[in-house]
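To get the working numbering, take the position in the sequence shown, counting from 1, and add 8.
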Amino acid sequence: MISDPPAEQRPWAVLRQFVRPRPPVERCELCGLGLAAEHPHLLEPATRQLHCCCDACSILFSGQRQEARYRRVPPLVEWLDGFQLSDERWDDLHLPINLAFFVRSTAAGRVLAHFPSPAGATESLLPLETWDQLARENRVLETMEPDVEALLVNRLGESHEYYRVSIDECYKLVGLIRTHWRGLSGGTVAWAEIVTFFAGLKQRSRPFGGAPNARPEL
Numbered sequence: 009m010i011s012d013p014p015a016e017q018r019p020w021a022v023l024r025q026f027v028r029p030r031p032p033v034e035r036c037e038l039c040g041l042g043l044a045a046e047h048p049h050l051l052e053p054a055t056r057q058l059h060c061c062c063d064a065c066s067i068l069f070s071g072q073r074q075e076a077r078y079r080r081v082p083p084l085v086e087w088l089d090g091f092q093l094s095d096e097r098w099d100d101l102h103l104p105i106n107l108a109f110f111v112r113s114t115a116a117g118r119v120l121a122h123f124p125s126p127a128g129a130t131e132s133l134l135p136l137e138t139w140d141q142l143a144r145e146n147r148v149l150e151t152m153e154p155d156v157e158a159l160l161v162n163r164l165g166e167s168h169e170y171y172r173v174s175i176d177e178c179y180k181l182v183g184l185i186r187t188h189w190r191g192l193s194g195g196t197v198a199w200a201e202i203v204t205f206f207a208g209l210k211q212r213s214r215p216f217g218g219a220p221n222a223r224p225e226l
C-alpha cells in the first residue's frame, strides 16, 4: 500500500502542479490571441499558405479582393449530389490515387489538382481540356470561389463522393494522412482516420444550394 507523503511535503506537491510545462496554445498568427481547437483561417494566395487566425482578424479580411495578400477562408461543406464524373473521365485526369482536390489558383492562373500523400499535398499535372469538359457537365465548378474553395473527390473503394469545401478542409485531410500514414500501405490507423474524416464531412455537409441544416443520407 502506498502511503501519503508527509504533511510537510504536500505543499511542494501542490506547487509542482503549477510549474509543469503546459501544452502549447495555438495563437492567431496576426494578433497573437489564443485560439480554440476550431478556428478560422486566412489564405495567402501567392504562396497557397494557410494562416490560423481569430474571429476578429478573420472578419477584417472578409470580402477582400482576389489580389489582396490575405483572403478569409469561409467555412463551407457542401455535398454535390448528382455530380457527373464517369470512370473514363476520372482516368483522363491522370491522378495516381482515387482521392484528390481541385482549386482555381489566381497566382497560377489555372485550376490545380492535388492529392494527399505522406509527404503532404502533391500537385498533379491537370489536363485542362478534361477539366473544361468536366466543368461544362457540372456547372457548380464555375461557382467556386478561386483559391479558398475546392472540389474534393473521394473515390476510394466503392465510394464516389464529391464535395464543395473550403480549402482548409482539404488540408485537414492532408495533415491527417501525413500524421498517421505508415509504410507503403498506410496501416489500419491511417485508413480508419480517412474513413472517419469523410463520415464526419458528410455529417456536417449540406446539399449544394440547400438549407444549412439539411443532411445527405448516410
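Ideal Cβ placement from N, Cα and C applies to all residues, glycine included. If you're wondering where the values come from, they're calculated on a predicted model, not measured in any experiment.
For residue i, the residue or residues it bridges with in DSSP
| i | result |
| --- | --- |
| residue 123 | 130 |
| residue 87 | 171, 215 |
| residue 162 | 107, 169 |
| residue 59 | 50 |
| residue 42 | 35 |
Backbone CA spacing between residue i and residue j [nearest angstrom]
| i | j | result |
| --- | --- | --- |
| residue 220 | residue 44 | Legend: pLDDT at residue 220 = 46, less than 50; position of this residue unreliable, value from coordinates given subsequently. Distance between the alpha carbons of residue 220 and residue 44: 23 Å. |
| residue 46 | residue 56 | 20 Å |
| residue 33 | residue 146 | 42 Å |
| residue 180 | residue 117 | 24 Å |
Whole-angstrom C-beta distance between residue j and residue i, which should lie under 8 Å
| i | j | result |
| --- | --- | --- |
| residue 108 | residue 127 | Not a contact, Cβ separation roughly 15 Å. |
| residue 157 | residue 132 | Going by Cβ atoms, the distance from residue 157 to residue 132 rounds to 19 Å, so no, they are not a contact pair. |
| residue 41 | residue 62 | 5 Å |
| residue 58 | residue 155 | About 11 Å separates the two Cβ atoms, so there is no contact after all. |
| residue 114 | residue 53 | 5 Å |
Contacts around residue i, its chain only, beta-carbon distance under 8 Å, and the 5 residues preceding and following it disregarded
| i | result |
| --- | --- |
| residue 216 | 86, 87, 88, 89, 148, 172 |
| residue 190 | 197, 198 |
| residue 103 | 121, 123, 132 |
Sequence-distant residues of the same chain with beta carbon closer than 7 Å to residue i, five excluded per side
| i | result |
| --- | --- |
| residue 139 | 119 |
| residue 201 | 184, 188 |
| residue 106 | 163, 164 |
| residue 83 | 174 |
| residue 37 | 59, 60, 61 |
Spatial neighbours of residue i in its chain, beta-carbon cut-off 6 Å, leaving aside the 5 residues before and after
| i | result |
| --- | --- |
| residue 70 | 80 |
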